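Here full-length UniProt numbering is used: the sequence shown runs in plain steps of one and ends on residue 371. For every residue, glycine included, the Cβ atom is placed at its ideal position computed from N, Cα and C. Model, not experiment: these values are computed from the prediction. Data block below; observations after.
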Amino acid sequence: MENPYLLLTPGPLSTSKTVRNAMLKDWCTWDQSYNSLVQEIRKRLVALATEETDAYAAVLMQGSGTFTVESVIGSVLPKKNGKLLVATNGAYGDRIVQIARTLNIDVTACKTDETVPTDLDHLRELLQADPSITHVAVVHCETTTGMLNPIEEVCRLAKEFNKTTIVDAMSSFGGIPINISELTIDYLISSANKCIQGVPGFGFVLANKENLQASKGNARSLSLDLYDQYETMENQQGKWRFTSPTHTVHAFYQALLELEEEGGIRKRYKRYQSNHQILVDGMSEVGFKPLLTNQHQSPIITAFLFPEDQNLTFDIIYKRLKENGFVIYPGKISKVDTFRIGNIGEVFPEDITRLLEALKNITYKQGVVNG
Ligand SMILES: *Cc1c(COP(=O)(O)O)cnc(C)c1O
């Protein structure tokens, strides 16, 4: 069956038919063929992020992306004298702060406005002022706005002060090249249903093995114990501790093959960039300006300002676009009225062109005449 609409959202996103087809069987979880599939996935994930494959390990974790973030925060900070510094400029950075607070982990935030990237001078001041900080966390693509934060500089700064680095690359890994060893990222977090173009059900961590091994015994949760999950997957060669999302895992493996077929992350990144560029150019013709300046904008998701003084509301646009086969995303920021359009998933420049045609018709019918 064909999908009723194309998802132009940051994940769950539109997947290929072949990825969806990989879920049409029931799979067992305990035998060797399943476990070796898991091992192959882990190996491929590490190879997507570094050439130093022996120094890193991929750990898969059940649940949505947030579960994996919580698993990292709750498992790697020492129980005694651990302190987290979070660079935040949106909902996902704020969520890391909230996770730490919920787990009673000492935390401090380096906050900037939603339209401003991480303030590196402020970050340095905070690191200088508080030697008790042990870990630094930052969101790569802050999906709230589509902002791309300077993870390279943040990690370099953190390492200057000898801190462990945690990067939430949930919405960017697989869609933007990231080299974890060059960038000195100790923990990179992402999930099955974003740029690898799989379906929801688990997240994954690419971890510096040495750091991960030293974190043993720190977990504040049984089911989200990252070290324990790692140890089981290592020692029992691909075994998950508790029921794994088998259909999602099979779909994910297919998605990894398709990423390779596309030509790898660099090629996918180019496609997303084309999607984004066609979108921004076309939207400006219809009268919608992007929230962020080009300099800080990721090709993952684009936030647009809602033009004032017109008959159009998000609900109208959303409903009409959905009738035309496109689903877009509401805004998430506090100060100005925005909405968002995702460029990722099984979405191609032709799709964006069709979206723009549909949007032109809708705005024309609503009597909006914009420059
Ligand atoms: C999607 C996303 C998450 C995880 O969200 P879930 O709804 O738990 O999957 C975390 N961080 C960022 C930056 C994201 O885009």
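Rounding to the nearest angstrom, what Cα-Cα distance links residue i and residue j in this structure?
i: V107; j: V86; result: 7 Å
i: K322; j: Y5; result: 7 Å
i: W240; j: Q229; result: 7 Å
i: residue 374; j: P177; result: The shown model of the chain, from 1 to 371, leaves out residue 374, and the question about it has no answer.
i: L356; j: T118; result: 32 Å
i: R320; j: F314; result: 10 Å
i: K270; j: F348; result: 11 Å
i: L183; j: A207; result: 13 Å
i: V69; j: N21; result: 29 Å
i: V263; j: Q273; result: Reading the sequence as shown, one finds Gly at residue 263 and not Val. The straight-line gap from Cα to Cα measures roughly 15 Å.
i: K360; j: P290; result: 17 Å
i: G345; j: K80; result: 42 Å
i: E261; j: K267; result: 10 Å
i: residue 373; j: L292; result: Nothing about residue 373 can be reported from this structure: the residues present for the chain run from 1 to 371 only.
i: Q213; j: E234; result: 12 Å
i: N370; j: G287; result: Its pLDDT being 48, under 50, N370 is placed unreliably by the model, and the measurement read from it follows with that caveat. So the two alpha carbons sit approximately 5 Å from each other.
i: N61; j: L126; result: Just to set this straight, residue 61 is Met in the shown sequence, not Asn. Cα-Cα distance, rounded: 32 Å.
i: V167; j: L120; result: 15 Å
i: I316; j: E152; result: 40 Å
i: L45; j: A58; result: 7 Å
i: V199; j: M23; result: 10 Å
i: V327; j: K216; result: 43 Å
i: S190; j: G203; result: 6 Å
i: Y329; j: S132; result: 40 Å
i: G93; j: L84; result: 12 Å
i: R42; j: I180; result: 15 Å
i: G82; j: T134; result: 6 Å
i: Y364; j: T53; result: 54 Å
i: P78; j: L123; result: 22 Å
i: K17; j: L7; result: 14 Å
i: A91; j: T144; result: 6 Å
i: P150; j: T115; result: 13 Å
i: R220; j: C155; result: 25 Å
i: E350; j: N89; result: 33 Å
i: V19; j: R354; result: 23 Å
i: A55; j: K209; result: 6 Å
i: L188; j: K25; result: 31 Å
i: T29; j: Q128; result: 48 Å
i: G331; j: P12; result: 16 Å
Helix, strand or coil: how does DSSP classify residue i here?
i: F252; result: helix
i: Y34; result: helix
i: M233; result: helix
i: T50; result: coil
i: T144; result: coil
i: G371; result: In this prediction, G371 has a pLDDT of 41, which is less than 50 and means its spatial position is unreliable; what the coordinates show is noted afterwards. Residue state, collapsed to three classes: coil.
i: G342; result: strand
i: I166; result: strand
i: K365; result: helix
i: K322; result: helix
i: A58; result: strand
i: I333; result: coil
i: V347; result: coil
i: F314; result: helix
i: I301; result: strand
i: L292; result: coil
i: L24; result: coil
i: L224; result: coil
i: D8; result: Per the sequence shown, residue 8 should be read as Leu rather than Asp. DSSP places L8 in coil when its eight states are reduced to three.
Would you say the beta carbon of residue i comes nearer than 8 Å to a heavy atom of ligand 2?
i: F67; result: As presented, the structure is devoid of ligand 2, carrying ligand 1 as its sole ligands.
contact_flag[the segment 169-177, the segment 186-199] where n(CB pairs < 8 Å) is 3 or more: yes
Would you call the segment 293-303 and the segment 330-340 in contact, with 3 or more CB pairs under 8 Å? yes
Taking 8 Å as the cut-off, does the segment 92-111 touch the segment 233-249 (at least 3 CB pairs, one atom from each stretch)? no
Segments of 3+ residues assigned as beta strand (DSSP E) that fall wholly inside the segment 173-209: 187-191 and 202-208
Check whether the segment 131-148 touches the segment 253-261, taking contact to mean three or more Cβ pairs, one atom from each stretch, closer than 8 Å. no
Inter-stretch contact (C-beta, 8 Å, three-pair minimum) for the segment 32-50 and the segment 148-165: no
Determine contact between the segment 73-82 and the segment 216-224, defined as no fewer than three beta-carbon pairs at a distance below 8 Å. yes
Whole beta strand (DSSP E) runs in the segment 70-153 with 3 or more residues, listed along the chain? 83-88, 106-111 and 135-139
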